[in-house]
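Student: To start, I am sharing the structure in question, which I have written as structure tokens.
Protein chains: 2
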Amino acid sequence: MHNPLYQLAQNKYDAAQKILVAVDCIIFGFDDGVLKVLAFKRKVEPFCGSWSLIGSFVAENESTDEAAKRVLFEITGLKNIFMEELKTYSSVTRDPGARCISIGQYALISLSKKNKKLTETHGAEWLSIIDLPELVLDHQQMVADALERLRNKARFYPIGLELLPKKFTIPQLQSLYEELFQLLFDTRNFRKKLLSLNMLIQLDEKDKTSSKKGAYLYEFDYDKYNTLKNKGFNFSLFKS
Amino acid sequence: MHNPLYQLAQNKYDAAQKILVAVDCIIFGFDDGVLKVLAFKRKVEPFCGSWSLIGSFVAENESTDEAAKRVLFEITGLKNIFMEELKTYSSVTRDPGARCISIGQYALISLSKKNKKLTETHGAEWLSIIDLPELVLDHQQMVADALERLRNKARFYPIGLELLPKKFTIPQLQSLYEELFQLLFDTRNFRKKLLSLNMLIQLDEKDKTSSKKGAYLYEFDYDKYNTLKNKGFNFSLFKS
DNA sequence: GATAATAAATGTATAAAATACATTTATTAT
DNA sequence: ATAATAAATGTATTTTATACATTTATTATC
Numbered sequence: 001m002h003n004p005l006y007q008l009a010q011n012k013y014d015a016a017q018k019i020l021v022a023v024d025c026i027i028f029g030f031d032d033g034v035l036k037v038l039a040f041k042r043k044v045e046p047f048c049g050s051w052s053l054i055g056s057f058v059a060e061n062e063s064t065d066e067a068a069k070r071v072l073f074e075i076t077g078l079k080n081i082f083m084e085e086l087k088t089y090s091s092v093t094r095d096p097g098a099r100c101i102s103i104g105q106y107a108l109i110s111l112s113k114k115n116k117k118l119t120e121t122h123g124a125e126w127l128s129i130i131d132l133p134e135l136v137l138d139h140q141q142m143v144a145d146a147l148e149r150l151r152n153k154a155r156f157y158p159i160g161l162e163l164l165p166k167k168f169t170i171p172q173l174q175s176l177y178e179e180l181f182q183l184l185f186d187t188r189n190f191r192k193k194l195l196s197l198n199m200l201i202q203l204d205e206k207d208k209t210s211s212k213k214g215a216y217l218y219e220f221d222y223d224k225y226n227t228l229k230n231k232g233f234n235f236s237l238f239k240s
Numbered sequence: 241m242h243n244p245l246y247q248l249a250q251n252k253y254d255a256a257q258k259i260l261v262a263v264d265c266i267i268f269g270f271d272d273g274v275l276k277v278l279a280f281k282r283k284v285e286p287f288c289g290s291w292s293l294i295g296s297f298v299a300e301n302e303s304t305d306e307a308a309k310r311v312l313f314e315i316t317g318l319k320n321i322f323m324e325e326l327k328t329y330s331s332v333t334r335d336p337g338a339r340c341i342s343i344g345q346y347a348l349i350s351l352s353k354k355n356k357k358l359t360e361t362h363g364a365e366w367l368s369i370i371d372l373p374e375l376v377l378d379h380q381q382m383v384a385d386a387l388e389r390l391r392n393k394a395r396f397y398p399i400g401l402e403l404l405p406k407k408f409t410i411p412q413l414q415s416l417y418e419e420l421f422q423l424l425f426d427t428r429n430f431r432k433k434l435l436s437l438n439m440l441i442q443l444d445e446k447d448k449t450s451s452k453k454g455a456y457l458y459e460f461d462y463d464k465y466n467t468l469k470n471k472g473f474n475f476s477l478f479k480s
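Chains A and B, in that order, give the protein sequences. Going by the working numbering, the final residue of the first sequence carries number 240, and the count climbs one at a time with no gaps. Going by the working numbering, the final residue of the second sequence carries number 480, and the count climbs one at a time with no gaps.
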């Protein structure tokens, strides 16, 4: 690591102060029409019994993304889930335990019954975004910021789909958008707009869990989306 | 800082490894129809003579935003300029000098002649985004990421205006959008769309620097924008 | 003081997209 | 066979986007 070429610069590096760096994960799930966030009750002081997001310090030999993926895997047992850096929380006084910078990372999980159980065996709980209890440190702010980001991004990118199973119905997607944006959409217009994008692949299966008639299952055509995205297309299901 | 209540947690904090944290600033300016980024030639080893963004280590007693503002002030002599966190660069191998995490922050400056001179007295230079020379470390990637963010954000928020003087003309704004998105707009439709938002305040002054007839100067009505923004309005001047 | 030169400003017709709105359909349970 | 339930569908109207060419205000020059 310490090449003699870097001698001059080395003084600069040596003079600088090192700081604790952590990641905190804001993990969203869509549970039967309700948007939830994963949290756990701290079992040690300080703040024992308080709700907290899941986090970890960043080690010397890992990037912040790697640290966040490690945390996500430890708590959910899942890999390859949607995750994106939110922002840095670096107020000098944010953590009374020590000066510590935290990188917020938000993640989106499709909450099948299996996944829901997995997370709960790890001692975490899914809390509804509405009526969220108080969280430790600046974790409340992190959730608020992540929610805002999720809304802004879901407005113009198909990331909302990460909260649904790979195979989903149109009424499910509408319900997700209605919960996320706290709006009601006309079923005819929502469906028309969605199908006009020509990015849903209709399957021969129906989901009959919520009606006798059953609703057709669809998959999203990511290949087609990525091709068009590079040509300036943007995914949007409503205007105002 | 070290309250006995935090004793248990303290072990955890003490066990964690501290890391060098820096900020690097991607400062954009719009110079006579051309989008530029501020860089300087390193005067010390390593990478002496190579182009680099402007950065600094984050000190124990400042947040990352404060560090970035400090750097921006040192290099431009300006305060209150638009700045937003971009993302964290934390690859273990990104800096051969030492393990160091850097937070990219991008900023937008209105390049009056005064401001242009100010930055240049500090030894920095404005480089055109097109044909950008190689930059040290991952700074090239930072500029690419910042440009993408700028485009995505300027698409739906009026941040492009931060690159123009407070008083600007419609042809200036069109030229900015054309440069930023590498598109050409019809002057009639651009103006019509822009004015239909009802967010420009026309002044009684004209800017005659680029035509004999002169173009009317306008200011952006931020109060009106902020009010409507909270009601779901989004600023957008073109569709595809 | 007439003329040339220059970029700014303007209007209309057509096409596309968004919105508002009510009925029929497929299926299961009784 | 009937009732119950949510899924699926069509049309008319309004709004927004697009395509496209001429006139206007001003300065510099002859």
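All C-beta atoms, glycine included, are put in the ideal place defined by N, C-alpha and C. All values derive from a computational prediction rather than experimental measurement.
Where A:LEU176 and A:ASN230 are concerned, what is the direct C-alpha to C-alpha distance, given to the nearest angstrom?
Tutor: Whole-angstrom Cα-Cα distance: 26 angstroms.
Student: So, for B:ALA364: in the same chain, excluding its five sequence neighbours on each side, which residues have a beta-carbon less than 7 angstroms away from its beta-carbon?
Tutor: These residues qualify, in order along the chain: LEU278, ALA279, PHE280, ILE294, ILE315.
Student: Determine the burial state of A:LYS212: buried for a count of at least 16 other Cβ atoms within 10 Å of its Cβ, exposed for fewer.
Tutor: By the 10 Å Cβ count, A:LYS212 comes out exposed.
Student: So is B:ALA347 in contact with chain A if we call contact Cβ pairs under 8 angstroms?
Tutor: No, B:ALA347 lies away from the interface with chain A (no Cβ there is under 8 angstroms from its Cβ).
Student: Does the separation of the CB atoms of A:GLN44 and B:ASN301 fall below 8 angstroms?
Tutor: Inspection of the sequence shows that residue 44 of chain A is occupied by Val rather than by Gln. Contact flag unset, no.
Student: Over what stretch of residues does the beta strand (DSSP E) that includes A:VAL21 continue unbroken?
Tutor: Counting along the chain, the beta strand (DSSP E) containing A:VAL21 begins and ends at 18 to 31.
Student: Taking only beta-carbon atoms, is B:ALA308 less than 8 angstroms away from chain A?
Tutor: No, because no Cβ of chain A sits closer than 8 angstroms to the Cβ of B:ALA308.
Student: Any C-beta of chain B sitting closer than 8 angstroms to the C-beta of A:THR119?
Tutor: For A:THR119, the answer is no, since every Cβ of chain B falls outside 8 angstroms of its Cβ.
Student: Are the C-beta of A:LEU5 and some C-beta of chain B separated by less than 8 angstroms?
Tutor: Model confidence at A:LEU5 stands at a pLDDT of 47, short of 50, so the residue's coordinates are unreliable; what they give is reported in the following sentence. Closer than 8 angstroms: yes.
Student: Can you tell me which of the three DSSP states B:ASN466 falls into?
Tutor: B:ASN466 falls in the helix class under three-state DSSP.
Student: According to DSSP, simplified to helix, strand and coil, what is B:GLU388?
Tutor: Helix.
Student: Going by other Cβ atoms of all chains shown within 10 Å of its Cβ, with 16 needed for buried, is A:SER102 buried or exposed?
Tutor: With 16 or more other Cβ atoms within 10 Å, it is buried.
Student: Starting from A:SER102, trace the beta strand (DSSP E) both ways and give me its first and last residue.
Tutor: Unbroken beta strand (DSSP E) run through A:SER102: 100 to 109.
Student: Below 7 angstroms CB to CB, which residues in the same chain sit around A:LYS79 once its five sequence neighbours on both sides are set aside?
Tutor: Here the set comprises PHE73.
Student: With distances taken between CB atoms, is the gap from B:GLY269 to B:LEU351 smaller than 8 angstroms?
Tutor: Yes.
Student: Under 8 angstroms between the Cβ atoms of B:LEU457 and B:GLU445?
Tutor: The answer is yes: Cβ separation under 8 angstroms.
Student: Tell me the rounded alpha-carbon separation between B:ALA256 and A:ALA98.
Tutor: Going from the Cα of B:ALA256 to the Cα of A:ALA98 covers about 11 angstroms.
Student: Beta carbon of A:GLU219, beta carbon of A:LEU237: below 8 angstroms?
Tutor: Taking 8 angstroms as the Cβ cut-off, A:GLU219 and A:LEU237 do not qualify as a contacting pair.
Student: Note down, in chain order, every chain A residue with its Cβ under 8 angstroms from the Cβ of B:THR328.
Tutor: Per Cβ cutoff of 8 angstroms: THR64, GLU85, THR88, ILE103.
Student: Using C-beta distances below 6 angstroms, list every residue in its chain close to B:PRO244, excluding the 5 sequence neighbours before and after it, in chain order.
Tutor: At B:PRO244 the pLDDT is 43, less than 50, meaning the model places this residue with poor confidence and gives no usable figure here.
Student: Taking the beta carbon of A:LEU183 as the centre, do at least 16 other beta carbons fall within 10 Å, making it buried, or is it exposed?
Tutor: Looking at its Cβ environment, which holds fewer than 16 other Cβ atoms inside 10 Å, A:LEU183 is exposed.
Student: A:GLY123 versus chain B: which residues are under 8 angstroms apart at the beta carbon?
Tutor: Those within 8 angstroms of A:GLY123 in chain B number zero; the least Cβ separation is about 17 angstroms.
Student: What did DSSP end up calling A:GLU125 once you bin it into helix, strand or coil?
Tutor: A:GLU125 falls in the strand class under three-state DSSP.
Student: Could you have a look at B:MET439 and say whether DSSP puts it in helix, strand or coil?
Tutor: Three-state result, B:MET439: coil.
Student: DSSP on B:GLU374, reduced to helix/strand/coil?
Tutor: Residue state, collapsed to three classes: coil.
Student: Between which residues of its own chain and B:LYS406 is the CB-CB distance below 7 angstroms, once the five residues before and five after are set aside?
Tutor: Cβ within range, chain order: GLU459.
Student: Taking C-beta pairs closer than 7 angstroms, name the residues in chain A that B:GLN422 reaches, listed in chain order.
Tutor: In chain order: nothing, as chain A lies at least about 10 angstroms away.
Student: Ignore the nearest five residues each way along the sequence and tell me which others in A:GLY33's own chain have a CB closer than 8 angstroms to its CB.
Tutor: Here the set comprises SER175, GLU179.
Student: Run down chain A in chain order and give the residues with a C-beta less than 7 angstroms from the C-beta of B:ASN301.
Tutor: Within 7 angstroms Cβ-Cβ: VAL92.
Student: Would you please state the rounded distance, in angstroms, between the beta carbons of B:VAL261 and B:ALA308? I believe it to be under 8 angstroms.
Tutor: Rounded, the Cβ-Cβ distance is 12 angstroms, inconsistent with contact.
Student: One question on the structure: do B:GLY344 and B:ALA386 come within less than 8 angstroms of each other, judged by their Cβ atoms?
Tutor: Cβ atoms of B:GLY344 and B:ALA386: closer than 8 angstroms.
Student: Report buried or exposed for A:CYS100, applying the criterion of at least 16 other Cβ atoms within 10 angstroms of its Cβ.
Tutor: Buried, by the Cβ-count rule.
Student: Under 8 angstroms, Cβ to Cβ, is there at least one residue of chain B near A:LYS43?
Tutor: It does not: the Cβ of A:LYS43 has no partner Cβ on chain B nearer than 8 angstroms.
Student: Helix, strand or coil for B:ILE294? Go by DSSP, reduced to three states.
Tutor: Correct three-state label for B:ILE294: strand.
Student: Take B:MET236 as the anchor and find which of B:THR409, B:ILE410, B:GLY400 has the nearest alpha-carbon.
Tutor: Since the first residue shown for chain B is 241 and the last is 480, residue 236 of chain B is missing from the structure and cannot be characterised.
Student: Could you check if A:CYS245 is buried or exposed, using at least 16 other CB atoms within 10 Å of its CB as the buried criterion?
Tutor: Only positions 1 to 240 of chain A appear in the structure, and residue 245 of chain A is not among them; the question remains open.
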